[in-house]
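Data first, discussion second: the structure below is written as structure tokens.
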């Protein structure tokens, strides 16, 4: 209610002010009107003033000025149309204080700085990304080199193992063939010995000798082996005399399993091989009647002519 009463008072005061303004304008227009001069028909009347004193000489008449045109009366000003009265004038809002505009220079500077920092950050991130990619690439290359090196070493080890296996197999095959050859030689030499036995029987153990002084069974056993080896020796044509120590390894029954020429032996390689062949050809060696003096390993002197050993 108090707000409505205030609005009514404001409206009435506004109307009163408008009416006063209209009245002042009307009064001003009324006082500013000019009356037109009186105009009468006929000629102009000239009058002369008569006095008792002599009149001074009349100055010559001034040239007559042309009559000035009568100014027209001003047109009446139209009365201002009173403004239509509003039923109610809303209250005017309180004007707000003007918003202070920020300094655009500082804003632009801050924006440029932020953009520069963002670009530098992006550049650093790109450099770091490239560095990490290079590190990863180098690591992959190193791993590839190490992998190839491991494969190379593994391949080399496999080749070495295969070579060792081949070597062992070849050695085993060589030994097998050597054993087969020895067994074949033993079998081949047994047959001729058996065939010769009826034609050239070995003398009994108690009849063996070489007219020496050793009448023991061991002496006769050594002489029997020496004689049979000498009989089976194929003398090279270049040999005129030889004296070498021969070592025989045998098993019970007189079967020879190995023979070696001991040093010193002043003979060439061909002569040595012929002596080994003579022992193998005499296989099996005399055994019956000499069981009590049998030795697995025997060393004896092979002499040619036989007189060299006397």
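Residue numbers (this note's numbering): 33 to 342.
The C-beta atom is built at its ideal place from N, Cα and C for all residues, glycine as well.
Backbone CA spacing between residue i and residue j [nearest angstrom]
| i | j | result |
| --- | --- | --- |
| residue 60 | residue 39 | 32 Å |
| residue 141 | residue 148 | 10 Å |
| residue 157 | residue 137 | 30 Å |
| residue 170 | residue 152 | 27 Å |
| residue 181 | residue 198 | 25 Å |
| residue 278 | residue 308 | 8 Å |
| residue 282 | residue 341 | 23 Å |
| residue 337 | residue 194 | 53 Å |
| residue 209 | residue 200 | 14 Å |
| residue 145 | residue 173 | 42 Å |
| residue 190 | residue 177 | 20 Å |
| residue 339 | residue 206 | 41 Å |
| residue 213 | residue 289 | 12 Å |
| residue 162 | residue 154 | 12 Å |
| residue 175 | residue 143 | 47 Å |
| residue 166 | residue 179 | 20 Å |
| residue 150 | residue 184 | 50 Å |
| residue 187 | residue 202 | 22 Å |
| residue 334 | residue 204 | 34 Å |
| residue 196 | residue 168 | 41 Å |
| residue 44 | residue 139 | 52 Å |
| residue 251 | residue 270 | 31 Å |
Cutoff 6 Å; reference residue i; Cβ partners in own chain excluding five residues on either side
| i | result |
| --- | --- |
| residue 15 | Residue 15 lies beyond the stretch modelled for the chain, which goes from 33 to 342, so this question has no answer here. |
| residue 264 | 310, 313, 314 |
| residue 261 | 310, 311, 314 |
| residue 253 | 322, 325 |
| residue 297 | 276 |
| residue 320 | none |
| residue 241 | Here residue 241 scores only 46 on pLDDT, less than 50, and its place in the model should not be relied on; the value that follows carries that caveat. Excluding positions up to five away in sequence, the list is empty. |
| residue 160 | none |
Cβ neighbour criterion (16 or more within 10 Å) applied to residue i
| i | result |
| --- | --- |
| residue 285 | exposed |
| residue 291 | buried |
| residue 192 | exposed |
| residue 329 | exposed |
| residue 280 | buried |
| residue 58 | exposed |
| residue 299 | buried |
Beta-carbon contacts of residue i that lie in its chain and below 7 Å, excluding the five residues immediately before and after
| i | result |
| --- | --- |
| residue 268 | 302, 303, 306 |
| residue 49 | none |
| residue 52 | none |
| residue 293 | 276, 278, 304, 307, 308 |
Whole-number beta carbon distance between residue j and residue i, since they are thought to touch under 8 Å
| i | j | result |
| --- | --- | --- |
| residue 322 | residue 249 | 7 Å |
| residue 287 | residue 316 | 5 Å |
Proximal residues to residue i (C-beta, below 8 Å), its chain only, five neighbours per side dropped
| i | result |
| --- | --- |
| residue 266 | 306, 309, 310 |
* How about the region 247 to 257 and the region 268 to 276: do they share at least three Cβ pairs that are nearer than 8 Å? -> no
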